[in-house]
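S.K.: Next up is a structure, given as structure tokens.
2 protein chains.
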Amino acid sequence: MRCEVVAVGTELLLGQIVDTNSAWLGEQLALAGIDCHRHTAVGDNRERMLAAFREALDRSDAVIVTGGLGPTQDDITRDVLAELMGVGMERDEAIAAEIERRFSGRGRAMPANNLRQADVPVGAWTMAEMPGTAPGLVCPVGEPPDQKVVYAVPGVPREMHAMVEGTVLPDLRRRAGAEAVIRSRVLRTWGRSESGLAEVLADEIERLDAEGGPTLAFLASGMEGLKVRITAKGADEAEVAELLADEEARVREIVGPVVFGVDDQTMESVVLDELVAQGLTLATAESLTGGMVGTRLTEVPGSSRAFVGSVVAYDGDVKRDVLGVPDGPVVSEAAVVAMAEGVCPVLGADVSVAVTGVAGPDPQDGVEPGTVWMATNVDGDVEAVRIRFPFDRTLTRQFTVISVLDLLRQRLLARRS
Amino acid sequence: MRCEVVAVGTELLLGQIVDTNSAWLGEQLALAGIDCHRHTAVGDNRERMLAAFREALDRSDAVIVTGGLGPTQDDITRDVLAELMGVGMERDEAIAAEIERRFSGRGRAMPANNLRQADVPVGAWTMAEMPGTAPGLVCPVGEPPDQKVVYAVPGVPREMHAMVEGTVLPDLRRRAGAEAVIRSRVLRTWGRSESGLAEVLADEIERLDAEGGPTLAFLASGMEGLKVRITAKGADEAEVAELLADEEARVREIVGPVVFGVDDQTMESVVLDELVAQGLTLATAESLTGGMVGTRLTEVPGSSRAFVGSVVAYDGDVKRDVLGVPDGPVVSEAAVVAMAEGVCPVLGADVSVAVTGVAGPDPQDGVEPGTVWMATNVDGDVEAVRIRFPFDRTLTRQFTVISVLDLLRQRLLARRS
Numbered sequence: 035m036r037c038e039v040v041a042v043g044t045e046l047l048l049g050q051i052v053d054t055n056s057a058w059l060g061e062q063l064a065l066a067g068i069d070c071h072r073h074t075a076v077g078d079n080r081e082r083m084l085a086a087f088r089e090a091l092d093r094s095d096a097v098i099v100t101g102g103l104g105p106t107q108d109d110i111t112r113d114v115l116a117e118l119m120g121v122g123m124e125r126d127e128a129i130a131a132e133i134e135r136r137f138s139g140r141g142r143a144m145p146a147n148n149l150r151q152a153d154v155p156v157g158a159w160t161m162a163e164m165p166g167t168a169p170g171l172v173c174p175v176g177e178p179p180d181q182k183v184v185y186a187v188p189g190v191p192r193e194m195h196a197m198v199e200g201t202v203l204p205d206l207r208r209r210a211g212a213e214a215v216i217r218s219r220v221l222r223t224w225g226r227s228e229s230g231l232a233e234v235l236a237d238e239i240e241r242l243d244a245e246g247g248p249t250l251a252f253l254a255s256g257m258e259g260l261k262v263r264i265t266a267k268g269a270d271e272a273e274v275a276e277l278l279a280d281e282e283a284r285v286r287e288i289v290g291p292v293v294f295g296v297d298d299q300t301m302e303s304v305v306l307d308e309l310v311a312q313g314l315t316l317a318t319a320e321s322l323t324g325g326m327v328g329t330r331l332t333e334v335p336g337s338s339r340a341f342v343g344s345v346v347a348y349d350g351d352v353k354r355d356v357l358g359v360p361d362g363p364v365v366s367e368a369a370v371v372a373m374a375e376g377v378c379p380v381l382g383a384d385v386s387v388a389v390t391g392v393a394g395p396d397p398q399d400g401v402e403p404g405t406v407w408m409a410t411n412v413d414g415d416v417e418a419v420r421i422r423f424p425f426d427r428t429l430t431r432q433f434t435v436i437s438v439l440d441l442l443r444q445r446l447l448a449r450r451s
Numbered sequence: 035m036r037c038e039v040v041a042v043g044t045e046l047l048l049g050q051i052v053d054t055n056s057a058w059l060g061e062q063l064a065l066a067g068i069d070c071h072r073h074t075a076v077g078d079n080r081e082r083m084l085a086a087f088r089e090a091l092d093r094s095d096a097v098i099v100t101g102g103l104g105p106t107q108d109d110i111t112r113d114v115l116a117e118l119m120g121v122g123m124e125r126d127e128a129i130a131a132e133i134e135r136r137f138s139g140r141g142r143a144m145p146a147n148n149l150r151q152a153d154v155p156v157g158a159w160t161m162a163e164m165p166g167t168a169p170g171l172v173c174p175v176g177e178p179p180d181q182k183v184v185y186a187v188p189g190v191p192r193e194m195h196a197m198v199e200g201t202v203l204p205d206l207r208r209r210a211g212a213e214a215v216i217r218s219r220v221l222r223t224w225g226r227s228e229s230g231l232a233e234v235l236a237d238e239i240e241r242l243d244a245e246g247g248p249t250l251a252f253l254a255s256g257m258e259g260l261k262v263r264i265t266a267k268g269a270d271e272a273e274v275a276e277l278l279a280d281e282e283a284r285v286r287e288i289v290g291p292v293v294f295g296v297d298d299q300t301m302e303s304v305v306l307d308e309l310v311a312q313g314l315t316l317a318t319a320e321s322l323t324g325g326m327v328g329t330r331l332t333e334v335p336g337s338s339r340a341f342v343g344s345v346v347a348y349d350g351d352v353k354r355d356v357l358g359v360p361d362g363p364v365v366s367e368a369a370v371v372a373m374a375e376g377v378c379p380v381l382g383a384d385v386s387v388a389v390t391g392v393a394g395p396d397p398q399d400g401v402e403p404g405t406v407w408m409a410t411n412v413d414g415d416v417e418a419v420r421i422r423f424p425f426d427r428t429l430t431r432q433f434t435v436i437s438v439l440d441l442l443r444q445r446l447l448a449r450r451s
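Quick note, the sequences are listed as chains A and B, same order.
Using the numbering used here, you'd call the opening residue of the first sequence number 35 and step up by one each time.
Using the numbering used here, you'd call the opening residue of the second sequence number 35 and step up by one each time.
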């Protein structure tokens, strides 16, 4: 089973927006075990869209088209698909009524244009999921047994995701005759390089290859950690769940405590959950990061259960006057320890993290860019480490955030056990 | 002149990375007045790459290929181009020596594989720009007068940008016989919606259309502001510079003081420059944003010239104990005014901004998500405003950051005049 992706929209060709949909679709297809050999982007032009759709169908069994389903005159995916299928269009009255209902539900008058979205090529059917006002279309092309299919979904990511997960992938799996269930689980790690992880897992990957078990893949994701994705295939959900659980346990045993979370768990959410579980409150004292540790923590809804606040001491006087940092170099062990100690009484927190360093691009007081001191203060006991990152200003700050939170995570886990 | 973009890399098809290069190239081509009708992504596969290159060349006069120029066995763009051109490969000894020099300059031994990067299809030439170890290639295909061209550049954005700006675009312009110079300038605005800007500029856009002057385009860019791009075409740099300057003045007169910056100037850099010019220091008092205002300010190198630090008062007790916020609701005018007043003496700053609000997703103490109070404190005079954003947690926080900094910008400009 082979499926291509065609993104429609002149704004994509002009670079006004970046096409993130095709990457997302590529990942979903790979997870579903469906080959995808090409992504294409084409403008809102009848002739060029038709050519792109035809060529993709020549090479593949199925095509997912994103975009061009809106209500304006530019949105011609419906019309081009009718031409490709060699059929006319007919208005789906149930969809038309549904579109009108949605407008009136929000107390808005429906522009007449929107009814165009209820026009469907004869022989196509609409998808059950409809988060917006554009229905997704399933368009059979040609006759069985050589029938192929085009799925048309909106370019709005939220709408596209719902339709692809709800209709397109199940339909593709059914057409592929794939009875198998494929699922994946992501282990998020911090503390080992990608090549280091690949090295310790080399024997396991070889074993899985030889025995035909789940597959492992690595994905460096900046502040989100270095991800290890386990993908397993089985006859049903129960079998796949067991395969994933077994392989997760094996990977965790091999790589050790660098695994900080699973799937959508971020370093921030894991640290906050652990703080709540232990009944502790957290403050941060930040120089280098300018508030980014607090920013990341407060992106998690409900972070106020454990996070009380930060002192961002960018200026040397603030470090001394507010946090009690002694005179002397501000990128130093003495400074970061004083920051971690000082911020707890100032903000009334139980534990703290502190960071100071040189973000660059220039050295500061003779200290090289990328030099970072980090400290954690747990139960009044402060531990500090020095790291030298070989990165630019932005990456140095980002890696500092996840690194210092990981130090706190490890201390909290040790404290609990 | 028509030019397509082909991105090479199986990781693109698998969705492991998002292809931002094609969007950037699309924008550059549009600015250069060169039509681009299709973007294609294809995996690291000889047969499929060759087909994609051939098809793109059939439709267009030129093709830009990104990726596949690295040193590993997967990187086969060079080989496929030689096949497309119907020629063999030869090692460019000058390039080979340069690659070796770069490794030895960093005190590293060069893996033998890297010499593959010095292999060039016979008849192609290498680009002068070489920020990494992969040379860019200009490959003529076919014979004059029907000769077409393929440009091969690395997938690493920094290397790709240098080569496209230095070699590809000038060469494309030369081939197009375009004597005209095309340049653009971006005016960044905050405070009007996209439709509001389009409305006040409607007459001007109509006038430009009728008279054939520069073009205007709008681009909503989140925390980077709402951009108005002016694009002008002229016989030489001097003429284009004058056209841009005239049109900028006209747009500024029409839209008023919502323009905060030009091209790469961010709201943060503009505010910091104005603070430095007036000899003022800045502190922030943040609740809702958790430190994001400070984070954004300190992304600007040299921000320590004006920014001293922040008190992130996420917890109610911190607001009261550290900033002197009175008892009562913490999302209120009284609270935000006290925060803006309190933070200046605590951190020793001349001016301040303060924000408190409900990020969501749930209401807090009966206050709806998206409700934000912002304050600015300049010369001891505090002004506060309430805004209700119709956004989710992430966007509410981001729009709060740029909005409160814009309030400060306007007060600083008023103070100077």
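Every residue gets a Cβ at the ideal spot worked out from N, C-alpha and C, and that includes glycine.
Is the shortest distance between the beta-carbon of A:Y348 and the beta-carbons of chain B less than 8 Å?
M.R.: Looking up residue 348 of chain A in the first sequence gives position 314. Yes - at least one Cβ of chain B is within 8 Å of the one on A:Y348.
S.K.: Residues in its own chain within less than 7 Å of A:T223 by CB, not counting five upstream and five downstream?
M.R.: Start at 1 with the first residue of the first sequence, and residue 223 of chain A comes out as number 189. Spatial neighbours of A:T223 in its own chain (CB-CB distance under 7 Å, excluding positions within 5 residues in sequence) are listed in chain order as L231, G259, L260, V262, V289, V292, V293 and F294.
S.K.: Would you say B:L250 faces chain A, with C-beta separation under 8 Å as the test?
M.R.: For this step, residue 250 of chain B is matched to residue 216 along the second sequence. No, B:L250 does not count as interfacial toward chain A.
S.K.: Can you determine whether any heavy atom of the ligand HEM sits closer than 7 Å to the C-beta of A:D108, and answer yes or no?
M.R.: The ligand HEM is not part of this structure, which contains no ligands at all.
S.K.: How is B:T332 classed by DSSP in three states: helix, strand or coil?
M.R.: Taking the first residue of the second sequence as 1, we reach residue 332 of chain B at position 298. Note: B:T332 maps to coil in three-state DSSP.
S.K.: Given that B:R150 touches chain A, what residues does it touch there, using C-beta distances under 8 Å?
M.R.: Here the question's residue 150 of chain B lines up with position 116 in the second sequence. None at all; the shortest Cβ gap to chain A is about 21 Å.
S.K.: Can A:A319 and A:M373 be called in contact, C-beta distance under 8 Å?
M.R.: Here residue 319 of chain A refers to the residue found at position 285 of the first sequence. Here residue 373 of chain A refers to the residue found at position 339 of the first sequence. Contact: yes.
S.K.: May I ask which residues mark the beginning and end of the alpha helix (DSSP H) holding A:W407?
M.R.: The count along the first sequence starts at 1 and reaches residue 407 of chain A at position 373. Run containing A:W407: none in the alpha helix (DSSP H); it sits in the beta strand (DSSP E), T405 to V412.
S.K.: Is the CB-CB distance between B:V187 and B:T100 below 8 Å?
M.R.: Along the second sequence, one-based indexing puts residue 187 of chain B at 153. Along the second sequence, one-based indexing puts residue 100 of chain B at 66. Going by C-beta atoms, B:V187 is nearer than 8 Å to B:T100.
S.K.: By alpha-carbon positions, which one of A:V220, A:T329 and A:A85 ends up nearest to A:E281?
M.R.: The residue given as residue 281 of chain A occupies position 247 in the first sequence. Checked all of A:V220, A:T329 and A:A85; the closest Cα to A:E281 is A:V220.
S.K.: Please list, in chain order, the chain B residues whose beta carbon lies closer than 9 Å to that of A:R427.
M.R.: By one-based count along the first sequence, residue 427 of chain A stands at place 393. Here the neighbours are E333 and P335.
S.K.: In terms of residues, what are the limits of the alpha helix (DSSP H) holding B:S229?
M.R.: As a working mapping, residue 229 of chain B is identified with position 195 in the second sequence. Segment E228 to V234, the alpha helix (DSSP H) holding B:S229.
S.K.: Using the Cα positions of B:R443 and A:A383, report the straight-line distance between them to the nearest angstrom.
M.R.: Counting from 1 along the second sequence, the entry for residue 443 of chain B is found at position 409. Counting from 1 along the first sequence, the entry for residue 383 of chain A is found at position 349. Cα-Cα distance, rounded: 34 Å.
S.K.: So is B:E61 in contact with chain A if we call contact Cβ pairs under 8 Å?
M.R.: The sequence position of residue 61 of chain B within the second sequence is 27, counting from 1. Interface residue, yes.
S.K.: For a quick check, are the C-beta atoms of A:L439 and A:V327 less than 8 Å apart?
M.R.: Looking up residue 439 of chain A in the first sequence gives position 405. Looking up residue 327 of chain A in the first sequence gives position 293. In contact: A:L439 and A:V327 (Cβ atoms closer than 8 Å).
S.K.: Below 8 Å between beta carbons: does that hold for B:M119 and B:V175?
M.R.: For the purposes of this step, residue 119 of chain B is taken as residue 85 along the second sequence, with counting starting at 1. For the purposes of this step, residue 175 of chain B is taken as residue 141 along the second sequence, with counting starting at 1. Contact flag set, yes.
S.K.: Is it right to say A:R112 is buried, meaning 16 or more other beta carbons lie within 10 angstroms of its own, or is it exposed?
M.R.: Residue numbering aside, residue 112 of chain A sits at position 78 when the first sequence is read from its first letter. Buried: at least 16 other Cβ atoms inside 10 Å.
S.K.: Tell me the rounded alpha-carbon separation between B:M164 and A:S218.
M.R.: Locating residue 164 of chain B in the second sequence gives position 130, where the first residue counts as 1. Locating residue 218 of chain A in the first sequence gives position 184, where the first residue counts as 1. C-alpha separation (whole angstroms): 40 Å.
S.K.: For B:P248, count neighbouring Cβ atoms within 10 angstroms of its own Cβ and tell me buried if that reaches 16, exposed if not.
M.R.: Working through the second sequence from its first residue, we reach residue 248 of chain B at position 214. Taking all protein chains shown into account, B:P248 has 16 or more neighbouring C-beta atoms within 10 Å of its C-beta and is therefore buried.
S.K.: Just curious, the alpha helix (DSSP H) that A:S437 is in, first and last residue?
M.R.: Locating residue 437 of chain A in the first sequence gives position 403, counting from the first residue. From DSSP, the alpha helix (DSSP H) with A:S437 extends over R427 to R450.
S.K.: Report the three-state DSSP secondary structure of A:M123 (helix, strand or coil).
M.R.: Translated into the one-based positions of the first sequence, residue 123 of chain A becomes position 89. Residue state, collapsed to three classes: strand.
S.K.: With H, G and I counted as helix, E and B as strand and the rest as coil, what does DSSP make of A:C37?
M.R.: Here residue 37 of chain A refers to the residue found at position 3 of the first sequence. Residue state, collapsed to three classes: strand.
S.K.: Just to confirm, is the Cβ distance from A:F341 to A:L306 under 8 Å?
M.R.: Taking the first sequence and counting its residues from 1, one reaches residue 341 of chain A at position 307. Taking the first sequence and counting its residues from 1, one reaches residue 306 of chain A at position 272. At the C-beta level, A:F341 and A:L306 come within 8 Å of one another.
S.K.: Could you check where the beta strand (DSSP E) with B:I98 kicks off and where it finishes?
M.R.: Residue mapping note: residue 98 of chain B aligns to position 64 of the second sequence, counting from 1. Unbroken beta strand (DSSP E) run through B:I98: A96 to T100.
S.K.: What does the alpha-carbon distance come out to for the pair B:A254 and A:M194?
M.R.: As a first step, residue 254 of chain B is located in the second sequence; it is residue number 220 there, counting from the start. As a first step, residue 194 of chain A is located in the first sequence; it is residue number 160 there, counting from the start. Spanning the alpha carbons of B:A254 and A:M194 requires a straight line of approximately 21 Å.
S.K.: Under three-state DSSP, which class holds A:Q398?
M.R.: If you number the first sequence from 1, residue 398 of chain A lands on position 364. A:Q398: strand per DSSP, three-state reduction.
S.K.: Quick check: the Cα distance between B:L331 and A:E276, rounded to an integer number of angstroms?
M.R.: Within the second sequence, numbered from 1, the residue matching residue 331 of chain B stands at position 297. Within the first sequence, numbered from 1, the residue matching residue 276 of chain A stands at position 242. About 48 Å.
S.K.: Anything in chain B within Cβ reach of A:H73, meaning under 9 Å, just list it in chain order.
M.R.: As a first step, residue 73 of chain A must be located in the first sequence, where it is residue number 39. Listed along the chain, the chain B residues whose CB falls inside 9 Å of the CB of A:H73 are A41, L46, L47, D53, H73, T74, A75 and V76.
S.K.: For B:S437, would you say it is in contact with chain A, using Cβ-to-Cβ distances shorter than 8 Å as the test?
M.R.: By 1-based counting over the second sequence, the position of residue 437 of chain B is 403. Judged by the 8 Å Cβ criterion, B:S437 is not in contact with chain A.
S.K.: Consider the Cβ of B:V262: report whether some Cβ of chain A lies at a distance smaller than 8 Å.
M.R.: The sequence position of residue 262 of chain B within the second sequence is 228, counting from 1. By this cut-off, B:V262 is not an interface position.
S.K.: Would you verify that the beta carbon of B:R82 is, or is not, closer than 8 Å to some beta carbon of chain A?
M.R.: Taking the second sequence and counting its residues from 1, the one referred to as residue 82 of chain B is at position 48. Yes, B:R82 lies at the interface with chain A (some Cβ there is under 8 Å from its Cβ).
S.K.: B:T223 CB to nearest chain A CB: under 8 Å?
M.R.: Locating residue 223 of chain B in the second sequence gives position 189, where the first residue counts as 1. Not one chain A Cβ lies under 8 Å of B:T223.
S.K.: Restricting to Cα atoms, I'd like to know which of B:A66, B:E402, B:R427 and B:V39 is closest to B:L206.
M.R.: Against the second sequence, residue 206 of chain B aligns to sequence position 172. Cα-wise, what sits closest to B:L206 is B:A66.
S.K.: So is A:M326 in contact with chain B if we call contact Cβ pairs under 8 Å?
M.R.: As a first step, residue 326 of chain A is located in the first sequence; it is residue number 292 there, counting from the start. Judged by the 8 Å Cβ criterion, A:M326 is in contact with chain B.
S.K.: Output the boundary residues of the alpha helix (DSSP H) element that contains A:E273.
M.R.: Locating residue 273 of chain A in the first sequence gives position 239, where the first residue counts as 1. Counting along the chain, the alpha helix (DSSP H) containing A:E273 begins and ends at E271 to V289.
S.K.: By DSSP, does A:E163 sit in helix, in strand, or in coil?
M.R.: Here residue 163 of chain A is taken as the residue at index 129 of the first sequence, counted from 1. Three-state result, A:E163: coil.
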